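The opening position of the sequence shown corresponds to residue 3 in our numbering, with each subsequent residue numbered one higher.
Cβ coordinates follow ideal geometry from the N, Cα and C atoms, glycine included.
Small disclaimer: the values here were computed from a predicted structure and weren't measured.
Notes follow the structure.
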Amino acid sequence: MSQPHYHIYAIGNALVDTEVEVENSFLADMGITKGIMTLVDQEQQGALLEALRCQQPPQERASGGSAANTAIAASYFGAKCFFSCRVADDETGQFYVQDIQAAGVDTNMSAQRPKGVSGTCVVMVTPDAERTMYTYLGIAEDVSVDDLDEDAIKASDYVYIEGYLVTSATARPAAVRLRELARANNTKVSLTFSDPAMAQFFRDGLKEVIGKGVDLLFCNEEEAKLFTETEGLAEALDALKRYSKQVVITRGPAGAIAWDGEQLYEFDGVKVRAVDTTGAGDLFAGAFLYALSQGKGFAEAGPFACHAAAEVVKDFGPRLTAKQYRALKQQFFEE
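So, in structure tokens, the structure goes:
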């Protein structure tokens with residue numbers, strides 16, 4: 003069988019997400035920091051789930067993780083994607099692989115999977131649509147250089163690296179190696195900071211992954227300022243240009259700004275009633291990368307990605323419906 007061509011080769015933590023609606027008071031009572039991802043052990047996550055039993059029933063579970071959400075979004079739009087990760091040979095891992103393959107994404111976990119416990123994430127959504135995550139990585143934390151597929155990397159236009167990987171002693175070297183392999187094969191390197199906590203507390207790890215620079219960097223405004231230790235958006239963007247040839251900074255309802263290496267773009271946000279912001283940045287990146295993979299420039303990719311992110315926050319979960327993906331493509335790219 004010939005090696006397929008991929009538009010995007012992503013690597014990240016494979017997590018089965020379960021969403022639940024909670025009040026702000028619940029987070030306060032549990033001592034959980036709102037709006038960020040917190041890594042916990044299996045016992046801590048179990049205690050949280052026990053406490054949640056008296057809350058609203060959870061939404062449907064789905065394969066997730068930052069980079070996985072991006073690859074899935076790009077795949078639904080029409081890009082060919084590959085996702086390197088690690089799940090266990092358990093029911094959760096089996097569900098994960100089946101779910102991501104149903105979205106059209108190829109993965110290194112499609113055949114044999116190691117023994118262990120697959121990673122899970124409880125996503126708590128407050129009335130203001132903010133998402134707070136309690137993550138047990140399980141075997142996802144062990145994703146390593148061994149999980150890379152060099153042939154698939156060589157056959158890809160972009161690699162996409164998840165910032166969350168910097169917390170793992172094996173995943174961080176895998177991200178570095180992926181960048182090196184991409185560079186050796188003229189594959190462009192894109193990176194997302196993923197979370198404000200990564201930009202603030204794991205800055206050195208992110209710099210190690212970035213190395214001498216990446217081609218395209220995604221982050222939100224808070225992450226940009228924390229990573230560069232600046233206070234203004236323009237100042238943060240200028241500082242990020244030292245790390246990446248191209249930079250995209252999302253700003254929630256305010257839209258996004260982007261630098262394509264030559265020109266600065268400002269993209270207006272789309273006014274909607276936000277219900278759940280889970281996966282909005284991931285979907286933005288997936289839509290943006292899909293547009294680039296189809297030969298579009300930043301001027302076209304930005305508005306498309308802003309509208310995609312606005313659509314996903316109108317309902318629960320990190321994905322759109324098949325009808326929504328088709329409608330967005332028709333609106334922006336089809337006559």
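Item to check | Contact under 7 Å by Cβ, residue 161 with residue 194 | outcome: no
Checklist entry - At what residue ranges does the region 224-273 contain a whole run of the beta strand (DSSP E), taking only runs of 3 or more? => result 246-252, 258-261, 266-269
Checklist entry - Considering residue 39, what are the terminal residues of the beta strand (DSSP E) in which it resides? => result 39-41
Checklist entry - Would you report the Cα separation of residue 43 and residue 204, rounded to the nearest angstrom? => result 19 Å
Next on the checklist: Between the alpha carbons of residue 225 and residue 208, how many angstroms are there, rounded?
Outcome noted: 12 Å
Next on the checklist: Once the 5 residues before and after residue 212 are set aside, which same chain residues still bring their CB inside 7 Å of it?
Outcome noted: 193, 245
Checklist entry - Along the chain, where does the beta strand (DSSP E) that runs through residue 66 open and close? => result 64-66
Checklist entry - For the alpha helix (DSSP H) that contains residue 221, what are its first and last residues? => result No alpha helix (DSSP H) holds residue 221; the beta strand (DSSP E) holding it covers 216-222.
Next on the checklist: Checking 7 Å against the spacing of the C-beta atoms, do residue 272 and residue 309 come in under that value?
Outcome noted: yes
Checklist entry - Hey, would you say residue 84 sits closer than 7 Å to residue 154, going by beta carbons? => result yes
Item to check | residue 284 versus residue 69 - alpha carbon distance | outcome: 7 Å
Next on the checklist: Shorter than 6 Å, the distance from the beta carbon of residue 222 to the closest heavy atom of the ligand SAM, or not?
Outcome noted: Within the structure as shown, the ligand SAM is missing, as the structure has no ligands at all.
Next on the checklist: Using C-beta distances below 7 Å, list every residue in its chain close to residue 379, excluding the 5 sequence neighbours before and after it, in chain order.
Outcome noted: With the chain represented from 3 up to 337, any question about residue 379 goes unanswered, as that position is not in the structure.
Checklist entry - Does the beta-carbon of residue 104 have 16 or more other beta-carbons within 10 angstroms, so that it is buried, or is it exposed? => result exposed
Item to check | Sheet register partners of residue 12 (DSSP bridge) | outcome: 85, 162
Item to check | Top-ranked residue by Cα proximity to residue 216, from 249, 231, 229, 287 | outcome: 249
Checklist entry - Helix or strand or just coil, what does DSSP make of residue 17? => result strand
Checklist entry - Straight-line CA distance for residue 174 to residue 123? => result 20 Å
Checklist entry - Below 8 Å, can you find three or more Cβ-Cβ pairs linking the region 300-320 to the region 91-108? => result no
Checklist entry - Who pairs with residue 123 in a beta bridge, going by DSSP? => result 19, 137
Checklist entry - Hey, would you say residue 151 sits closer than 7 Å to residue 172, going by beta carbons? => result no
Next on the checklist: Going by DSSP, what residue range makes up the alpha helix (DSSP H) through residue 99?
Outcome noted: 93-104
Checklist entry - How is the beta strand (DSSP E) around residue 295 delimited, first residue to last? => result That residue, residue 295, is in no beta strand (DSSP E); its alpha helix (DSSP H) goes 282-295.
Checklist entry - Whose C-alpha, out of 170, 32, 129, 46, is nearest the C-alpha of residue 88? => result 170
Item to check | Anticipated Cβ contact below 8 Å, residue 127 with residue 280, distance rounded | outcome: 7 Å
Checklist entry - Helix, strand or coil for residue 192 per DSSP? => result strand
Next on the checklist: On a Cα-Cα basis, can you pick out the residue from 119, 298, 10, 210 that is closest to residue 156?
Outcome noted: 10
Checklist entry - Anyone know if the C-beta pair for residue 270 and residue 300 falls short of 7 Å? => result no
Checklist entry - Can you name the residues that DSSP bridges to residue 108? => result 84
Checklist entry - Considering residue 178, what are the terminal residues of the alpha helix (DSSP H) in which it resides? => result 173-186
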